Amino acid sequence: MSGIDAHFMLRRGDFMLEATFQTPASGVTALFGPSGCGKSTLLNCIAGLEPAARGTLRVNDELWQDSELRVFVPAHRRRVGYVFQDAGLLAHLSVRGNLEYGMRRALRVRSRATFSRTVEWAGIGPLLGRRVQGLSGGERSRVAMACALLRDPVMLLMDEPLAALDARSRAELLPFLERLRDELPIPVLYVSHAIDEVARLADHLVNLEPGRVVAHGNLREMLTRLDLALARSDEAAAILDATVAGYDEQFQLALLAFPGGRLAIPQQRLPEGTAVRVRILARDVSLSLEHHRNTSILNIFPVRVLEITEDRPAQAIVKLDASGASLLARVTRRSVHSLGLGPGAEIYAQIKSVALLR
Amino acid sequence: MNALAIDLTPVWLTLRLALISTAFLFVIGTPVAWWLARTRSFLKLPVESVVALPLVLPPTVLGFYLLLGLAPTGPLGKAWHAISGGSLAFSFSGLVIGSVLYSLPFVVQPLQNAFEAIGERPLRVAAMLGAGPVDRFFTVALPLARRGLVTALTLGFAHTVGEFGVVLMIGGNIPGKTQVLSIAIYDHVEALEYTRAHVLSAGLLIFSFLVMFIVHLTNRRLQARGL
Chain A
889 MSGIDAHFML RRGDFMLEAT FQTPASGVTA LFGPSGCGKS TLLNCIAGLE PAARGTLRVN
949 DELWQDSELR VFVPAHRRRV GYVFQDAGLL AHLSVRGNLE YGMRRALRVR SRATFSRTVE
1009 WAGIGPLLGR RVQGLSGGER SRVAMACALL RDPVMLLMDE PLAALDARSR AELLPFLERL
1069 RDELPIPVLY VSHAIDEVAR LADHLVNLEP GRVVAHGNLR EMLTRLDLAL ARSDEAAAIL
1129 DATVAGYDEQ FQLALLAFPG GRLAIPQQRL PEGTAVRVRI LARDVSLSLE HHRNTSILNI
1189 FPVRVLEITE DRPAQAIVKL DASGASLLAR VTRRSVHSLG LGPGAEIYAQ IKSVALLR
Chain B
8 MNALAIDLTP VWLTLRLALI STAFLFVIGT PVAWWLARTR SFLKLPVESV VALPLVLPPT
68 VLGFYLLLGL APTGPLGKAW HAISGGSLAF SFSGLVIGSV LYSLPFVVQP LQNAFEAIGE
128 RPLRVAAMLG AGPVDRFFTV ALPLARRGLV TALTLGFAHT VGEFGVVLMI GGNIPGKTQV
188 LSIAIYDHVE ALEYTRAHVL SAGLLIFSFL VMFIVHLTNR RLQARGL
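Taken in sequence, the protein lines are chains A and B.
Counting along the first sequence from 1, when you hit position 324 you're at 1212 in this note's numbering, and nothing is skipped either side.
Counting along the second sequence from 1, when you hit position 29 you're at 36 in this note's numbering, and nothing is skipped either side.
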């Protein structure tokens, strides 16, 4: 099996971490959970920075750690690119010095062309001669990413790369992360406690609660699993994959096709055929037994009720199937009863707002 | 004899002693400081205390035990005799051993502080860029601790130059062999040769001032460059 296959146990004082999960051979896997649940510790276990951690780790079928067999590949021999939380760089070296530090120690000789390509990709050409102290948050992050990539890694670890940044640097960095996700042929483990980041970047999700993995799997499925806390939070949302199908010139609406139909959203024109990702919050979806025509809501789709959980005194969360795509709706328990909703019911979902994530 | 015809032998002897001792202090003190800064062993506190002993012990006490150890019948003296056929007590080599022990805390403590101040992060960053433990020490820890290193070696050097008690105990006062500057000054004062004592003392005073001035200047330069 290629990808990452990890099982770790670590006790530190009162804190006990036990985590088992797998990731695919490429794409972004988010390690998601509240602060202090052990996400960063788990990342360090994989990097080999927690020698006290017991367990097994296989990366692309290579055994990196097995406490029973006394196998432990030391951190510096694990071919891992690690972007630390505050974009850790070596303070006594220039930007170029940092980039070359890892490149010189990479197993495969990397050519000057690779160096130039990576520098250009990260947009850090003008920074090469600079000292790392003078860099802005966003610049640091891009240098740290370039360092990690020049190391020629078989996997990339990122510990909340956006957490320490202001809104502007964050917006500046997100496109880089998206390009990484789309272009990098290796698995990326991405630690985050912000679900909107995860929704935007990840394909897979490892959901952690303090000390343990609650569930892991495909992001779209995980977000809409009613047995997980994700679907019950105020931020509960479904992710849909859509393609740009057209543009309404008169009203300036982008038309996005997804399995359940066509979404119209206020948006500038996008090239037709572009693959996009949209996020629909459960609280922006209302349910109706009929297809209302006389309403301001543009996006109404026929759906089938899959599952209902009455998770709050007055409210319930409803999981819907729109021709293969899953949606969530947050409604009152009274509505569930007055509409007579139950699994299998064929109804209409009215979507009040859609966020384009790309 | 002209009152100003000063024998400079003690000056050169002192400089030679200080330079050689500093070299040993660097080679011995750096790994000790590195180990103390990183270890979680129960041995850390005992070792720290032993290293710090010369700060509180009267030099005569240290000198007395060193004298016993370095004597031809003492453990170190015996071993040395077996290897080189010479004697350690009242010899220049014995002085180097005494100076290194006596100045060790002045080198280890600032270095240990500097290593501790680096923290785990840069070493982890370097490990993730493929650097092994020894590589990390030389390419990350030492360069990041260079201010501490400058301070440590200067203090070690200056402290050896100014040393008196231990040297007197284990080196005696043999001109050209173990008579260092501080002892020569003592001799001059004893002999009421105040002019000579003045020249050497003032020289040492200016030298010490210059050393400290240069250290502070270097540190400020390094700091300005963010190190």
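Built from N, CA and C at the ideal position, the CB exists for glycine as well.
All values reported here derive from a predicted model rather than from experimental measurement.
- Item | V1079 (chain A) versus A:D902, A:G1232, A:D974 and A:I1188, residue with shortest Cα-Cα distance | A:D974
- Can you name the start and end residues of the alpha helix (DSSP H) that G1134 (chain A) belongs to? Looking at the DSSP string, G1134 (chain A) is not in any alpha helix (DSSP H); the run it does join, the beta strand (DSSP E), is A1125 to D1136.
- What is the residue span of the alpha helix (DSSP H) that L24 (chain B) lies within? T16 to R45
- List in chain order: all unbroken alpha helix (DSSP H) runs of 4+ residues lying wholly within the stretch 1019–1076 of chain A. 1025–1038 and 1055–1071
- Query: At a CB-CB cut-off below 9 Å, which residues of chain A make contact with R131 (chain B)?
  - Reply: The CB of R131 (chain B) comes closer than 9 Å to the CB of N932, A935, L937, A963, Y970, F972 and G976 in chain A, given here in chain order.
- Query: Is the beta carbon of V1094 (chain A) less than 8 Å from the beta carbon of A913 (chain A)?
  - Reply: no
- Message: Can you look up T80 (chain B) in the DSSP assignment and give me helix, strand or coil?
- Response: coil
- Item | Other residues of its chain near S890 (chain A): CB distance less than 7 Å, five sequence neighbours each side excluded | A913, N948 and D949
- Message: To the nearest angstrom, how far is the alpha carbon of S1029 (chain A) from that of R967 (chain A)?
- Response: 20 Å
- Item | Beta-carbon gap between V147 (chain B) and P129 (chain B) smaller than 8 Å | yes
- Can you grab the Cα-Cα spacing for the pair R1019 (chain A) / V218 (chain B), in whole Å? 30 Å
- Message: According to DSSP, simplified to helix, strand and coil, what is P1190 (chain A)?
- Response: strand
- Task: List the whole-angstrom C-beta distance separating A1090 (chain A) from L1107 (chain A), where the pair is believed to meet the contact cut-off of C-beta under 8 Å.
- Result: Their Cβ separation, rounded to whole angstroms, is 5 Å, which keeps A1090 (chain A) and L1107 (chain A) in contact under 8 Å.
- Task: State whether the stretch 160–174 of chain B contacts the stretch 21–32 of chain B, with contact taken as three or more CB pairs (one from each stretch) at a distance under 8 Å.
- Result: yes
- Task: Can you tell me which of the three DSSP states D1084 (chain A) falls into?
- Result: helix
- Taking a Cβ distance cut-off of 9 Å, strictly less, list which residues of the stretch 175–187 of chain B are near chain A, in chain order. none
- Query: Going by other Cβ atoms of all chains shown within 10 Å of its Cβ, with 16 needed for buried, is Y970 (chain A) buried or exposed?
  - Reply: Classification of Y970 (chain A): buried, given that the 10 Å Cβ count is 16 or more.
- Task: Please determine, among B:N226, B:I192 and B:R154, the residue with the shortest C-alpha to C-alpha distance to L212 (chain B).
- Result: Here the closest residue by C-alpha is B:I192.
- Cβ neighbours of H895 (chain A) in the same chain (closer than 6 Å, five flanking residues each side left out): T908, G943 and T944
- So which of A:D1070, A:R1222 and A:E1027 has the shortest CA-CA distance to P1201 (chain A)? P1201 (chain A) has its Cα closest to that of A:R1222, out of A:D1070, A:R1222 and A:E1027.
- Report, in whole angstroms, the separation of the C-beta atoms of T21 (chain B) and V187 (chain B), which I expect to be a contact under 8 Å. 4 Å
- Selection of the stretch 135–163 of chain B by Cβ proximity to chain A, strictly under 9 Å: M135, L136, G137, A138, G139, P140, D142, R143, T146, V147, P150, L151 and R153
- What is the residue span of the alpha helix (DSSP H) that R203 (chain B) lies within? Y201 to A231
- Item | Against chain B: residues of the stretch 1011–1044 of chain A by CB proximity under 7 Å | Of all residues in the stretch 1011–1044 of chain A, only R1019, Q1021, C1035 and R1039 place a beta-carbon less than 7 Å from a beta-carbon of chain B.
- Exposure of I104 (chain B), with buried meaning 16 or more beta-carbon neighbours within 10 Å: Its Cβ being crowded by 16 or more others within 10 Å, I104 (chain B) is buried.
- Task: May I have the straight-line CA-CA distance separating L73 (chain B) from P82 (chain B), to the nearest angstrom?
- Result: 10 Å
- Cβ neighbour criterion (16 or more within 10 Å) applied to V972 (chain A): Residue identity check: residue 972 (chain A) is Phe in the sequence provided, not Val. It is buried - the Cβ of F972 (chain A) has at least 16 other Cβ atoms within 10 Å.
- Hey, which unbroken runs of the alpha helix (DSSP H) at 4 residues or more fall wholly within the stretch 68–120 of chain B? 82–91
- Based on the DSSP output, what are the partners of Y989 (chain A) in its beta bridges? Y989 (chain A) pairs with nothing; no bridge assigned.
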